[in-house]
Each structure stands twice: as structure tokens, then as C-alpha cells.
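K.L.:
A single structure is presented below for examination.
2 protein chains.
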Amino acid sequence: MSENRVQSPALRGKIMSAEDAAAFIHPGDNVGVSGFTGSGHPKAVPSALARRMTAAQSAGEDFRVGLWTGASTAPECDGALFKVNGVSFRTPYQSDPECRGRVNGGEAYYADAHLSHVAQNAAWGHYGELDVALIEVAAVLEDGRLVPSTAVGNNQTWLDLAKRVILEVNAAQSARLEGMHDIYAVGVPPRRAPITIVSSADRVGLPYLRVDPEKVVAVVETNALDRDTKFSEPDENSRRIAGHILDFLRHEVKKGRIPANLLPLQSGVGNVANAVMAGLNDGPYENLTAYTEVLQDGMLDMIRSGKLVCASATAVSFSAKALADFNANIDEYRKRIILRPQEISNHPEVIRRLGVISMNGMLEADIYGNVNSTHVLGSRMMNGLGGSGDFARNAYLSIFMTPSLAKNGALSCIVPMVSHVDHTEHDVQVLVTEHGLADLRGLAPRQRARLIIEKCADPKFRPALADYLARAEKGANGMQTPHLLGEAFHWHLRALKGEPM
Amino acid sequence: MSENRVQSPALRGKIMSAEDAAAFIHPGDNVGVSGFTGSGHPKAVPSALARRMTAAQSAGEDFRVGLWTGASTAPECDGALFKVNGVSFRTPYQSDPECRGRVNGGEAYYADAHLSHVAQNAAWGHYGELDVALIEVAAVLEDGRLVPSTAVGNNQTWLDLAKRVILEVNAAQSARLEGMHDIYAVGVPPRRAPITIVSSADRVGLPYLRVDPEKVVAVVETNALDRDTKFSEPDENSRRIAGHILDFLRHEVKKGRIPANLLPLQSGVGNVANAVMAGLNDGPYENLTAYTEVLQDGMLDMIRSGKLVCASATAVSFSAKALADFNANIDEYRKRIILRPQEISNHPEVIRRLGVISMNGMLEADIYGNVNSTHVLGSRMMNGLGGSGDFARNAYLSIFMTPSLAKNGALSCIVPMVSHVDHTEHDVQVLVTEHGLADLRGLAPRQRARLIIEKCADPKFRPALADYLARAEKGANGMQTPHLLGEAFHWHLRALKGEPM
Numbered sequence: 076m077s078e079n080r081v082q083s084p085a086l087r088g089k090i091m092s093a094e095d096a097a098a099f100i101h102p103g104d105n106v107g108v109s110g111f112t113g114s115g116h117p118k119a120v121p122s123a124l125a126r127r128m129t130a131a132q133s134a135g136e137d138f139r140v141g142l143w144t145g146a147s148t149a150p151e152c153d154g155a156l157f158k159v160n161g162v163s164f165r166t167p168y169q170s171d172p173e174c175r176g177r178v179n180g181g182e183a184y185y186a187d188a189h190l191s192h193v194a195q196n197a198a199w200g201h202y203g204e205l206d207v208a209l210i211e212v213a214a215v216l217e218d219g220r221l222v223p224s225t226a227v228g229n230n231q232t233w234l235d236l237a238k239r240v241i242l243e244v245n246a247a248q249s250a251r252l253e254g255m256h257d258i259y260a261v262g263v264p265p266r267r268a269p270i271t272i273v274s275s276a277d278r279v280g281l282p283y284l285r286v287d288p289e290k291v292v293a294v295v296e297t298n299a300l301d302r303d304t305k306f307s308e309p310d311e312n313s314r315r316i317a318g319h320i321l322d323f324l325r326h327e328v329k330k331g332r333i334p335a336n337l338l339p340l341q342s343g344v345g346n347v348a349n350a351v352m353a354g355l356n357d358g359p360y361e362n363l364t365a366y367t368e369v370l371q372d373g374m375l376d377m378i379r380s381g382k383l384v385c386a387s388a389t390a391v392s393f394s395a396k397a398l399a400d401f402n403a404n405i406d407e408y409r410k411r412i413i414l415r416p417q418e419i420s421n422h423p424e425v426i427r428r429l430g431v432i433s434m435n436g437m438l439e440a441d442i443y444g445n446v447n448s449t450h451v452l453g454s455r456m457m458n459g460l461g462g463s464g465d466f467a468r469n470a471y472l473s474i475f476m477t478p479s480l481a482k483n484g485a486l487s488c489i490v491p492m493v494s495h496v497d498h499t500e501h502d503v504q505v506l507v508t509e510h511g512l513a514d515l516r517g518l519a520p521r522q523r524a525r526l527i528i529e530k531c532a533d534p535k536f537r538p539a540l541a542d543y544l545a546r547a548e549k550g551a552n553g554m555q556t557p558h559l560l561g562e563a564f565h566w567h568l569r570a571l572k573g574e575p576m
Numbered sequence: 076m077s078e079n080r081v082q083s084p085a086l087r088g089k090i091m092s093a094e095d096a097a098a099f100i101h102p103g104d105n106v107g108v109s110g111f112t113g114s115g116h117p118k119a120v121p122s123a124l125a126r127r128m129t130a131a132q133s134a135g136e137d138f139r140v141g142l143w144t145g146a147s148t149a150p151e152c153d154g155a156l157f158k159v160n161g162v163s164f165r166t167p168y169q170s171d172p173e174c175r176g177r178v179n180g181g182e183a184y185y186a187d188a189h190l191s192h193v194a195q196n197a198a199w200g201h202y203g204e205l206d207v208a209l210i211e212v213a214a215v216l217e218d219g220r221l222v223p224s225t226a227v228g229n230n231q232t233w234l235d236l237a238k239r240v241i242l243e244v245n246a247a248q249s250a251r252l253e254g255m256h257d258i259y260a261v262g263v264p265p266r267r268a269p270i271t272i273v274s275s276a277d278r279v280g281l282p283y284l285r286v287d288p289e290k291v292v293a294v295v296e297t298n299a300l301d302r303d304t305k306f307s308e309p310d311e312n313s314r315r316i317a318g319h320i321l322d323f324l325r326h327e328v329k330k331g332r333i334p335a336n337l338l339p340l341q342s343g344v345g346n347v348a349n350a351v352m353a354g355l356n357d358g359p360y361e362n363l364t365a366y367t368e369v370l371q372d373g374m375l376d377m378i379r380s381g382k383l384v385c386a387s388a389t390a391v392s393f394s395a396k397a398l399a400d401f402n403a404n405i406d407e408y409r410k411r412i413i414l415r416p417q418e419i420s421n422h423p424e425v426i427r428r429l430g431v432i433s434m435n436g437m438l439e440a441d442i443y444g445n446v447n448s449t450h451v452l453g454s455r456m457m458n459g460l461g462g463s464g465d466f467a468r469n470a471y472l473s474i475f476m477t478p479s480l481a482k483n484g485a486l487s488c489i490v491p492m493v494s495h496v497d498h499t500e501h502d503v504q505v506l507v508t509e510h511g512l513a514d515l516r517g518l519a520p521r522q523r524a525r526l527i528i529e530k531c532a533d534p535k536f537r538p539a540l541a542d543y544l545a546r547a548e549k550g551a552n553g554m555q556t557p558h559l560l561g562e563a564f565h566w567h568l569r570a571l572k573g574e575p576m
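Residue numbers (this note's numbering), protein chains in the order written: chain C, 76 to 576; chain R, 76 to 576.
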């Protein structure tokens, strides 16, 4: 196996165990790892590092690192390191329960960020110096070029910035990933040039990652699949939300605002997003394209059916079944899929130019259309912003969607005032729940409020929302954006006490 | 005079009085006017229209229009029309007291928007159809091309979209503005191409506006100066804020993150911005550039001194004295100043590529670095977002600044939770008050809070802010972003009652 995957003689000489490789990571180091939504993360070294941390901690030593990723990883990376409280700082997106617990418990600092910003933040030194890059690749070519794995993320940036590099060469990833990627770096000002992508299918870079072989201190061979990202069939609410969105897109085409093959699609992750993709796949569309962040089962179905002719992303994130299909038919998929650095997949320049149709989930929206994507009841971090801000602000259409109720109907996802703002009303054009779709484009706050209450809120919460709005309009703060600041969070306070909103 | 300024024979035949021209505007029309921060707005027709409105209203008729602009105009435009309650809908930025009163009084709908979004929003029909474009120009050439005035704003978009066009040809504007502008349209997806601006000085379009002469229903000759935008010498607080920013920029250069001539500057309007420009003008810098929205007295000083070699903007907004200098020396200034459509001056693609240093004022920030730029006590609209969001999210550095206190020290501009969010913590890298500068880059919320309280809050409010943070951290909502939702707005509620915070 190793003969095939590590062809560079220089790097073959650095093959070692995960345990030995982990010894190159020291207490206080900043470590930039590969990995995006459960794909392409290092599978072996993090656990070996966690064991070293536990040993050090037993000896009374503080062994923690700063952990920079692409986005979320998996139990054997984020999970292993946070479980032993081995991370002092984490950026940007995460979804691991161990990580979430430490972050919300105040044991680790977590800096959430727009995913397109992370590479430049790091290059500019906002997170300090990068000591180690720990990157999974599919293969090392004879001349040292690296065949990227199932996620590109910030890998090239980590390889460029790090003082030391550890490569995990994963034989479970298809060697035929070679050629699927498009690695392009924008650099830092003042020497940046236009990114010349004018359609999702355009390639502007090269299909390989580059690394200075002198910096590579270890190569670890692994053979482990990516996370099985469960794919569940859409439930009734998701199908209804998808139905409203599909009706709306039909309307936009009919109005002549967008072409019959729509504009490039961006879809967040989850059940609702899957339902929208399934609906598009069953619909009358042809020659659809995607310029998105993560490619999931739904879009893979659309490629297989021929509806989706090109999908650009920074990572794939599949169920075990879809991953097997992806690997079995990768020569065909390679014609339709391009994986780019997340700085490019999420770049405002390209998203705005292409006029992406952006669809993302949320935790709650308020009656004015401000959206909370991250903080449960204003304080507890769920997963982070991800690319929602990169897409929503720059898209042709920014759609946010959620079922209208949470916690078995106790909580309303439409509230008087969101307890945390991730997307302001200016970046939220369309809100959708199972009850309906509010097209907020061109509306002022008081107009938005009436429409959101009418179209999106669950009927049982509509009277209370309308009452809040009516009293706010009559109150001392009943101006451009009417609010009752003394009770704006009463709904959340009830929820904090475990009561229905 | 008219011989010189309206050279097109076809359009000369359409010269008429403002009163006659105003008759082309009907009740319920949407009217797109020129004008940006008191410059380049129509000077005569709005007042004539307001007189028609008053007459119609006396006869019991509802005569109101939708008013779309570049940004703020002046008393003879926004002021005249709002005074007679003649506007039902207004977008995007405004600063007129009559307008603000109607908007906050619930008599007019106001849709605030990122200034870079307005042209595409209109082109996509978000605001309905555009009936009339009412555009000030400096001259009409023989072949019908238009020499733009002191503000470009959305003028080309209004000319393209409108069913009928009224031109005001203002002899008080220098005819030698010709050649200063760079008019370029990005169009709508899916046919957009890269905007090939790679430095502030690049020109990618043509120096003229175009209009279908068949659509021009009236040409009105005027002779009136732009608004005298008062320029006051920086006060002590402004000088201190500027001092902190100048120290910080020096530090960034020393760290090698930005070149010795910095990166292109964007500066919001007002006293603090002026102080920063004055400081840069007195500093050791050479070959500075600006990629900004509005060019004010401060930058004109820097061009005159030779420090600023190129300034790109969408409008100038000068004091009477600076305007006289601008007009007297326009042949020199034309070598250094480029005026572009606001879609380009504020375009995320260009701002991000150039790595602009963005400096904007604000009303308040919270301890986590969320910024309120628009809503006094969460409800009363001041002026609108302007381009702050276009710049802040895409800049190399996004700096927000304010004196630490308002209302003679009764109110703190650093609060536990902002009463309205225009810029989320992810888009706010640096906060500055007269007390100090908080460099928030790469920090998590709990780290940001300590730094903001220490560096930016007025000393008399620091204990209460620290107490809020400490109790929030211990409370049920003491997680990623600790908050006490039951008292997050207590400071604002006291202010609403007229008490000190």
C-alpha cells in the first residue's frame, strides 16, 4: 500500500507511527488540521496526541494546543482532543459534543468566524503563529506534490504557514481523487488579483497541494473512512419547507429574474436542505449548478440523475452509502465535482458574481428578520456560523429556513427579538417555515414584521407576536423598528426556566 | 449658459421649468433620484414636486411617491418632499430631519440596505418598477452622453430602469468634472464578469452616463451649489481616538502585515474620521491611497498635501470652502480622484481584493464587539447603515470608533448588549474610543469582553460592565457568550426614562 501512496522517496523516509509523529506536537503549539464536516480530517495522530496529553496531565503538566481546522471534524479528531481537555483555543466551525461542552463550559476559547475569512486571518497572524500543520492527503506524488483528500478547507494555508508538517496519507481515500481539486491562493493585499471564476465549473488553480519537503517531519499511513454523516429521509415539515422554496423559485423563473436552470445553488447541511435537493431533483429543472461549501448526499443524487451538471465545494460530507457510491464511480463524479480551498468556495467575490441561491438553516429569527444561527438562548454555542454569512450577504437570494417550533412545540423559532444576531435583517431576504415563506425583499421593518408573523410563525404563537408588535408600535420605542426592550427576551427567559415560550 | 451645458439638440428641445418637469411625476410613482451625502442631488424639481403634492393634498388627493436615492440628499430634496409628507417609501441612506421624523413616526416606510446592494435590488425589482429617474448632471454632450455631477450613486441604474427621465443640468457644478468619473456596470447574474480593479487608481469603465434620449421627458437648468457640509476642527476626544488608530497602524506596518504606505483607506463621515485624516496627513506616510465611499475635506487636504496619491469614491461631500477649492483646482484633482457608481465604490469584490482599512463611526458597541450603527435605543433610526457593512466585512481591518460617552456623559457607548445589531462580532476587528483601542482579532467572546471593558469603556462605567460580565459568566446563560437576558437592556431602559445609564 505505502508503495502506491507515498511515492516521494524523501517523504517515504519520514514514515512513522502516529505516536512518534505526535511527539512533534508540543504543549502550547498551534496546530492547523485538515478536515471539513467530518471529511478529510486526520484519523490517527490526534488520538495519539490525546494519549500524550493525558500522560502529561497525569504528570501535572498543562498540555493543551490551539486547534485550527477547516470546519467540523469527527470524534477521532475534535472529539479525542477535547475529551482530554487538550485544546485551549479552537477556530472556526465545530459540531463535536466534547468540543461544544468545553467551549460552553468556559474551558476552551472558541473564535467563531466567517469561513472565508479564516485563511487570511491566519496569514495575517490573528491567531498567532502556526507551529504544526497536520493534514490528511490521499497520496504523495514522486515529486512531493500532494493529492488532496475529501476536504480542502484551509489545508494549503496551513501547509504554507506551519513550521512543521505532519502528513497523514489515508489509503481509505480513493487515489482517484487526483484531479478533482482546484487549489488556488489569493494571497494577501496589496498583491491580489481577480479570481477569474465566472461559472461553477471554472478551474483557476492546480489539482495539488504543495509543501516544502524540508518542513515535513512525519508521514503517517492510515486507512480509515471519513465520518458516516447520517442521511435521513426528509420529514413532513422539511418537505413542506422545501415545497415553499420550490414554489418560490418557480415564481422567480416565471418573473424572468433568474434563468430556467436557476442560479448556482448553495445549500447548508441537514434535513431541510436534503428535502430541497430532493425536490429539485424531482422537479422540471435541467443543467443545474452548485457553488456551495459542502457536497452532501442530496447533491450527489442530483449529479447521478443528471440534473446537476457541476458542483463546486470545499468538501464532501457523505453517508457511508453515498461515500461508497462516490468512491466506486469517482471517475464520473470527477467530471462534475470541483473541490476548492474554503477561501474560494466561500469567497464573497465569486458568490456575488455568480449570484448564488443561498439556503441555510437557523435556530431562530425575529419578527424583523434578524437571524440567530449559533447561540441557543443567546449564550450556548451550537456549531458556529460556518459559511452562512459568506453566502447570505453576497447571494442573489438569501433564504433562511427552520421548522416554526422546537422542543416538541414548546419553543417558537420566530421570536420578538433574537437572543443573538448572526445575520442582520439586511442579509435575510427570505424566511421559510413549514407554514409559509416570507419574501422580505425591499420591505421596511414594520412591513417585514407583519409578513413574518403571518407567513412563518406557528399559529399558536401568532397572537402573542402580533400583540408584542402592536404594543411596541404604540410604545416609547415604536419607531423604525418597534421594540419593548423590557420584555424583548421574556420568551427566552421562560425557556431558560424550562417553561414553554 | 444653456448653450454650453446642453449641447444635444434633441435634449435642448426638452428644456422646461422645474414646475413643468414635475408634472411628469404622478401619485404613486417610484422616483429614483441622484444624490449622495448632500452632493449631486436634484436642486429644483423636488421642491416643485412638493408644491404639486401640497396642492393635490389640499384637494384631498393622496400624492406620495417612493423615493430611491444614492444616499442622503439635502433640504431641497429629501427635506422638501418629506416636509409635505410626500414620500411613502424611502431607500437606502438618509440623514434629513424631516425624513427621519416621518420614518420614525410611522408615516413612511424606510428600507435600509447595504449601499452596494441597492442597484441590484432595484434591477431585480425588489422595490417595484421605477417610473421616473430624476438625475442631476454637469452637462449633456452633443451626442447625448451625460457628464456626471459630484455624486454618481445609483444614477446609471436609475437611468437604465426608469420609464421616464428628468435631467437637471446644474451650471453651478464644474463642467470640468468631465473625465473624473468611471462608470461601469456589473449587470445581473449569470452574466457577470470580474471587476478588474486591482488598485484604487484603476479605471474600468467610461467617464459618462448614458441615457436613451427617447426616455428623457424634461431637461431643467439649475444653478445651485451642493450642500455645505460643515467641517469642524477635531475636538479632544476625536484627536485621542485618531491617536490610538495612528499608533495601531504604525504597529501593523512595523509587524510587516501592511506596506509602509498602508492599504487603501476607507473613512466614514464626521469629526472622528476627520481627525484620523488630519493625523495621517501630519504623519510620516507617503503614497497613500483611498478606496472609499465619500471624499470629504480631510481627504482633499491629503490630496493637496501630496500624501494621498489617489482617491476612489462615489461622491464628494465638501464644506463650501473645500468645494470652492475643488472647483478652482479641478484639473489637478481630476488626476487624483475617481468617482464610481456606489455598486463599485462599495463592492465586496474590490474591497476584499484591495484589503481596505475601514474606519467607521457607530452609536454603541457591546462588550462582545457587536455594533449598532443605526438605531438609537434599539428603535429610532438615525441615518442608516450606509456602506459600513460593505466595508467592514470585506476589509483587511474593520475599525469602529466612537467617543465612550454620549449625552454629556449620561450614556455609555459601551453597553452589555447592543439594542440593535448592524455589525456582528465577526465583522468588528477593532474598537476605539478616546480611552483606548481594543484589538479583537482572533479573540473569543469572553476574551473580547475583558479587552473592550478595559480599553474602550469610560472608567465610570467599567465596574458595572465588569460586574455584568462576571454575573453573566456565573449564570445559567454563562456559556460561549455570557448574558443576563433579564437585564441585558436595563441600561437602555434607564436611558429611555431619561435617566443616566
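Glycine residues also receive a C-beta, built at the ideal position from the N, C-alpha and C atoms. Quick caveat, the model's predicted, so the values are computed rather than measured.
What does MET434(C) pair with, by DSSP beta-bridge criteria?
P.N.:
SER342(C) and ILE474(C).
K.L.:
Per DSSP, VAL81(R) is paired with what?
P.N.:
For VAL81(R), which the question treats as bridged, DSSP gives the partners VAL215(R).
K.L.:
Have a look at VAL279(R) and LEU338(R) and give me their C-alpha separation to the nearest angstrom.
P.N.:
Using only the alpha carbons, I get a separation of about 20 Å.
K.L.:
If you measure between the beta carbons of SER191(R) and ASN421(R), is that distance less than 7 Å?
P.N.:
The answer is yes: Cβ separation under 7 Å.
K.L.:
Express the C-alpha separation of ASP372(R) and GLY180(C) in angstroms, rounding to a whole number.
P.N.:
Approximately 50 Å between the Cα atoms of the pair.
K.L.:
Under 8 Å Cβ to Cβ from ASP104(C), same chain only, skipping five residues before and after it: list those, please.
P.N.:
Correct list, in chain order: VAL140, GLY141, ASP206 and VAL207.
K.L.:
On a CA-only basis, which of LEU438(R), MET437(R), GLY436(R) and ILE419(R) is nearest LEU429(R)? Give me that one, please.
P.N.:
With distances taken between Cα atoms, LEU429(R) lies closest to ILE419(R).
K.L.:
Taking the runs of the beta strand (DSSP E) that are 3 residues or longer, which of them lie wholly in the stretch 302 to 368 of chain C?
P.N.:
Fully enclosed beta strand (DSSP E) runs of 3 or longer: 340 to 342 and 363 to 366.
K.L.:
Looking at C-alpha atoms only, which residue of VAL507(C), THR477(C) and SER454(C) is the closest neighbour of HIS558(R)?
P.N.:
Of VAL507(C), THR477(C) and SER454(C), the residue nearest in Cα terms is SER454(C).
K.L.:
With TYR184(C) and GLN522(R) assumed to form a contact (beta carbons below 8 Å), what rounded beta-carbon distance in angstroms separates them?
P.N.:
Contact holds; Cβ gap of about 6 Å.
K.L.:
Who does THR508(R) pair with in a DSSP beta bridge?
P.N.:
In DSSP, THR508(R) forms a bridge with GLY511(R).
K.L.:
How big is the Cα-Cα spacing for ALA134(R) and ALA123(R)?
P.N.:
Roughly 17 Å between the two C-alpha positions.
K.L.:
Count the other CB atoms within 10 Å of the CB of GLU577(C); is the residue buried (16 or more) or exposed (fewer)?
P.N.:
Because chain C in this structure spans residues 76 to 576, residue 577(C) falls outside the shown range and cannot be described.
K.L.:
The stretch 446 to 478 of chain R: which residues have C-beta closer than 7 Å to a C-beta of chain C, in chain order?
P.N.:
For the stretch 446 to 478 of chain R, which is checked against every Cβ of chain C, the residues closer than 7 Å are HIS450, LEU452, GLY453, SER454, ARG455, MET456, LEU460, GLY464, ARG468, ASN469 and TYR471.
K.L.:
Taking Cβ positions, are ASP533(R) and SER479(R) nearer each other than 7 Å?
P.N.:
Contact: yes.
K.L.:
Using a Cβ-Cβ cutoff of less than 8 Å, which residues in the same chain neighbour LEU300(C) once the five nearest sequence positions on both sides are dropped?
P.N.:
So the list reads ALA247, ALA395 and LEU398, once near-sequence residues are dropped.
K.L.:
Count the other C-beta atoms from every protein chain shown that fall within 10 angstroms of the C-beta of ASP497(C), then say buried if there are 16 or more, exposed otherwise.
P.N.:
By the 10 Å Cβ count, ASP497(C) comes out buried.
K.L.:
For ASP502(R), count neighbouring Cβ atoms within 10 angstroms of its own Cβ and tell me buried if that reaches 16, exposed if not.
P.N.:
So ASP502(R) ends up on the buried side.
K.L.:
Which of the three DSSP states is assigned to VAL279(R) in this structure?
P.N.:
Here VAL279(R) sits in coil by DSSP.
K.L.:
Anyone know if the C-beta pair for CYS456(C) and SER448(C) falls short of 7 Å?
P.N.:
First, the residue type needs correcting, since residue 456(C) is Met and not Cys in the sequence shown. In this structure, SER448(C) does not lie closer than 7 Å to MET456(C) by Cβ.
K.L.:
Near GLY358(R), which residues of its chain fall below 7 Å by C-beta distance, leaving aside the five closest residues on each side in sequence?
P.N.:
Correct list, in chain order: LEU321.
K.L.:
Please go through the same chain and pick out, in chain order, the residues whose beta-carbon is closer than 8 Å to the beta-carbon of ARG177(C), but skip the five residues on each side of it.
P.N.:
Around ARG177(C): PHE157, ASN160, VAL162 and ALA183.
K.L.:
Using 10 angstroms around the beta-carbon of ASN483(R), count the other beta-carbons present and answer buried if the total reaches 16, otherwise exposed.
P.N.:
Exposed: under 16 other Cβ atoms inside 10 Å.
K.L.:
Compare the C-beta of HIS201(R) against all C-beta atoms of chain C and say whether one is closer than 7 Å.
P.N.:
It does: the Cβ of HIS201(R) has a partner Cβ on chain C nearer than 7 Å.
K.L.:
Verify the contact flag: ARG455(C), CB atom, against every heavy atom of the ligand SAM, threshold strictly below 6 Å.
P.N.:
Absence of the ligand SAM from the depicted structure is noted, as is the absence of any ligand whatsoever, leaving it without description.
K.L.:
Just grab the DSSP bridge partners of GLY107(C) for me.
P.N.:
DSSP output for GLY107(C) lists TRP143(C) and ALA208(C) as bridge partner(s).
K.L.:
Going by C-alpha distance, which of PHE393(C), TYR408(C) and ALA403(C) is nearest CYS385(C)?
P.N.:
The candidate whose alpha carbon is nearest that of CYS385(C) is TYR408(C).
K.L.:
Please identify the residue among SER487(R), ILE527(R) and LEU506(R) whose C-alpha is closest to the C-alpha of LYS535(R).
P.N.:
Answer by Cα proximity: SER487(R).
K.L.:
Can the beta-carbon of LEU540(R) be found less than 7 Å from the beta-carbon of ILE442(R)?
P.N.:
Yes, the pair counts as a contact, with Cβ atoms nearer than the cut-off.
K.L.:
Output needed in chain order: residues of the stretch 150 to 173 of chain C with a Cβ under 9 Å from some Cβ in chain R.
P.N.:
The residues in question are PHE164, ARG165 and THR166.
K.L.:
Restricting to Cα atoms, I'd like to know which of SER92(C), PHE393(C) and ASN356(C) is closest to THR304(C).
P.N.:
Nearest C-alpha to THR304(C): PHE393(C).
K.L.:
Are VAL222(C) and ALA213(C) closer than 7 Å when you measure CB to CB?
P.N.:
Cβ distance < 7 Å, so VAL222(C) and ALA213(C) count as in contact.
K.L.:
So is GLY573(R) buried or exposed if we call it buried at 16+ other beta carbons inside 10 Å?
P.N.:
Under this definition GLY573(R) is an exposed residue.
K.L.:
Residues of chain R with a CB under 8 Å from the CB of LEU571(C): which are they?
P.N.:
Within 8 Å Cβ-Cβ: ALA551, ASN552 and LEU560.
K.L.:
Does DSSP put ALA551(C) in a helix, a strand or coil?
P.N.:
The answer is coil: DSSP assigns ALA551(C) none of H, G, I, E or B.
K.L.:
Can you name the residues of chain C whose CB is closer than 8 Å to the CB of ASN435(R)?
P.N.:
Going along chain C, no residue has its Cβ under 8 Å from ASN435(R), so there is no contact; the nearest lies around 15 Å.
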